[in-house]
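J.: Dumping the structure here so I can ask a few things about it.
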Amino acid sequence: MLSQKAWSPYLAGVVIGLLQIPAFLIVETALGASSSYVTVGAWLTAWLDPSILDIKYASAHVAATAKNWWQVALVGGVAIGAFVSMKLSGAKRAARSPVWSRTLGSAAPTKRYVVAFFGGFIMLFGARIADGCTSGHGLSGMAQLSVGSTVAVAAMFAGGIATAMLALRRI
Amino acid sequence: MSVLSAILVGIAMGIVFGFALEKSRVFEPGMIVGQMQMKNFIMLKVFLTAVATGAVVLAALNGFGMVKLAPKAALYSADIVGGLILGAGITLAGACPGTTLAQIGAGYRDALFTLIGGLAGAVAFSYAQPTLSKTFLAQGGGKIIFSDLIGVPYWMAALALAAVLVVVLAALEAWRPWRAELGSDVDGDLPATGTPNVAARPQPAE
C-alpha cells in the first residue's frame, strides 16, 4: 500500500483528519501551516534587520514556544513525508507540472517561476490577513464549526475560482 | 511541553501529513488548479473528508471533556479580504501553504519559488501588521461557533456536520469517481476534451 502511486482521497482525508488527535492532545493546538511562514520568514529577516523583532507580531511568532516551532517542524515533515512517499511509489515528478505550459500559455520556466513567486507571496499575505489558511481555517476551523473560518474558506474558493477563470487558460 | 519534544512530534506528524498529501495526489498543481476550474474534485474530496474526520474526532475529545476547542476569532472583513487574496494565490501557486512543502518533497522545482515568495509575503505582512491592525481588518467578533448560535452542544452539531459531509461526498463520488480524475500520470492532467473516460486510462491499484 505504501508503494501505491495513489490512494483513495477518502482514505487520505481520514488520515489527515486523524492528525487532529495528536495536535489537540499533545501540542494543544489545531492543525495549521501558514503561521510557520511568519516564524521562519521573520527569524531569517532578523539576521538582516533585527528591528523586525520590535514588531510584536513578528517576535511572538519567532519566540521559542512549542506551538511556533511545532508548526515549522510539521511543514518540514510534510516535505519529508511527500519525498518518502514519492520514492516508495516511484511517482517521480518533472521540474514543473505539465499543466502549467497550458494554463500559462507558455512553457518558459522563467514565466512559471515568476508566477509561482508572486502566487506564494499573495498566498501568505492573504493567509496572514485572514489569520489562517486551508489548514488552519479549512481543516481545523470548519471541523470546530467556526463561523469566521467558514467565511474565510468560502472567500478562498471564491478568490481561487475567479482567478482560475480570469487569469489562467483552461487545463 | 518542551520546544524540542514539540519539534519531534511536529516532524512525525508532518511525515504522516506529507505522505497522505502525496498519496491522495491533492498536492498536484493539476488537482488544485483543476479544482478551481471546477474540472477536478479530488481536492474537495480530500478536504471535506478531513473536515468530517476532524469533526468526529473533536466531537469525541471535546464531548468527553478531554480537550478544549480553539477556534479563531471571527474577523469577518479580514476573513473575506484575506481569504480572497489567499485563494488567488493558491490558484497562481497551484498550491496552498502546506502543499507547497509536499511539492518540494515530491520534486517540483517551481515550488521552491512558491516557498520563497510565501516567506517574503509573510515578512511583508509582519512589517505591515502594526498599520493593518488599526484598520477595518482588525474589527470583528469573538470566537463564534455555529453550535453556540443554534444552541446545541458542540459534539452534537459536529457529528451532524460530519453526517452531512458523508452524504455530500457520496453524491460527489457518484457524480465524479475519483479514479477517473487522477490522470494517466496521477497528476490531474486529464485529456483536454470530452468527459474523463475511466476505461481508457491505466488504473492505479486499489
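Chain order of the listed sequences is A and B. Going by numbering that gives the first Met the number 0, the first residue of the first sequence is number 0, and it counts up by one from there. Going by numbering that gives the first Met the number 0, the first residue of the second sequence is number 0, and it counts up by one from there. Cβ coordinates follow ideal geometry from the N, Cα and C atoms, glycine included. In this text the structure is predicted, and so the values were computed from the model without any measurement.
(1) Let's see if you can read the secondary structure: which residues bound the alpha helix (DSSP H) around Glu27/A?
(2) Look up Ser145/A in the DSSP assignment and give the residues it is bridged to.
(3) Is DSSP giving Asp53/A helix, strand or coil here?
(4) For Tyr153/B, which residues in the same chain have their Cβ closer than 6 Å to its Cβ, ignoring the five residues on either side in sequence?
(5) What residue range does the alpha helix (DSSP H) around Lys44/B cover?
(6) Between the C-alpha atoms of Asn196/B and Asp188/B, what's the straight-line distance to the nearest angstrom?
(7) Residues of chain B with a CB under 8 Å from the CB of Ser105/A: which are they?
(8) For a quick check, are the C-beta atoms of Ile15/A and Ala49/B less than 8 Å apart?
(9) Looking at chain A, is there any beta carbon in it that lies within less than 8 Å of the beta carbon of Thr130/B?
(10) From this set, Met0/B, Gly29/B, Leu148/B, Ala77/B, which residue's C-alpha is nearest Ile89/B's C-alpha?
(11) Closest Cβ-Cβ distance between Pro49/A and chain B: below 8 Å?
(12) Go through its chain and collect everything with a Cβ distance to Ser23/B's Cβ below 8 Å, but skip five positions before and after it.
(13) DSSP state of Tyr36/A, grouped into three classes?
(14) Using a Cβ-Cβ cut-off of less than 9 Å, give me the residues of the segment 132 to 148 of chain B that come near chain A, in sequence order.
(15) Going by CA-CA distance only, name the one from Phe124/B, Met37/B, Ser76/B, Ala105/B that's closest to Ile14/B.
(16) Report the residue from Ala59/A, Ile160/A, Gln143/A whose alpha carbon sits nearest the alpha carbon of Gln19/A.
(17) I believe Ala101/B touches Gly118/A by the beta-carbon criterion, under 8 Å. Please report the beta-carbon distance rounded to the nearest angstrom.
(18) Rounded to whole angstroms, what is the Cα-Cα separation between Leu3/B and Gln70/A?
(19) Out of curiosity, what's the CA-to-CA distance linking Gly89/A and Ala151/A?
(20) Taking only runs of the alpha helix (DSSP H) that begin and end inside the segment 119 to 166 of chain A, which ones reach a length of at least 4 residues, in chain order?
(21) Residue range of the alpha helix (DSSP H) that Thr64/A falls in?
T.: With the structure as the only source:
(1) Glu27/A -> no alpha helix (DSSP H), and no H or E assigned at all.
(2) Paired residues: Ile144/B.
(3) If DSSP states are grouped into helix, strand and coil, Asp53/A belongs with the helices.
(4) Around Tyr153/B: Asn61, Ser146.
(5) Counting along the chain, Lys44/B sits inside the alpha helix (DSSP H) bounded by residues 41 to 62.
(6) Legend: pLDDT at Asn196/B = 47, less than 50; position of this residue unreliable, value from coordinates given subsequently. Roughly 13 Å separates the two Cα atoms.
(7) Close to Ser105/A, with beta-carbon spacing below 8 Å, lies no residue of chain B; the smallest spacing is near 13 Å.
(8) Yes.
(9) Judged by the 8 Å Cβ criterion, Thr130/B is not in contact with chain A.
(10) When C-alpha distances from Ile89/B are compared across Met0/B, Gly29/B, Leu148/B, Ala77/B, the shortest belongs to Gly29/B.
(11) It does not; no Cβ of chain B falls within 8 Å.
(12) Result list for Ser23/B: Ile41, Val45, in chain order.
(13) Helix at Tyr36/A.
(14) Taken in chain order, the members of the segment 132 to 148 of chain B whose beta-carbon sits within less than 9 Å of a beta-carbon on chain A are Ser132, Leu136, Gly139, Gly140, Lys142, Ile143, Ile144, Phe145, Ser146, Asp147, Leu148.
(15) With distances taken between Cα atoms, Ile14/B lies closest to Ala105/B.
(16) Of all alpha-carbon atoms in Ala59/A, Ile160/A, Gln143/A, the one lying nearest the alpha-carbon of Gln19/A is that of Gln143/A.
(17) In fact, because the Cβ distance is near 16 Å, the residues do not count as touching under 8 Å.
(18) Straight through space, the alpha carbons of Gln70/A and Leu3/B are spaced by roughly 12 Å.
(19) Going by the C-alpha atoms only, they are around 36 Å apart.
(20) Here the runs fully enclosed are 146 to 166.
(21) Here Thr64/A belongs to no alpha helix (DSSP H), and DSSP marks it neither H nor E.
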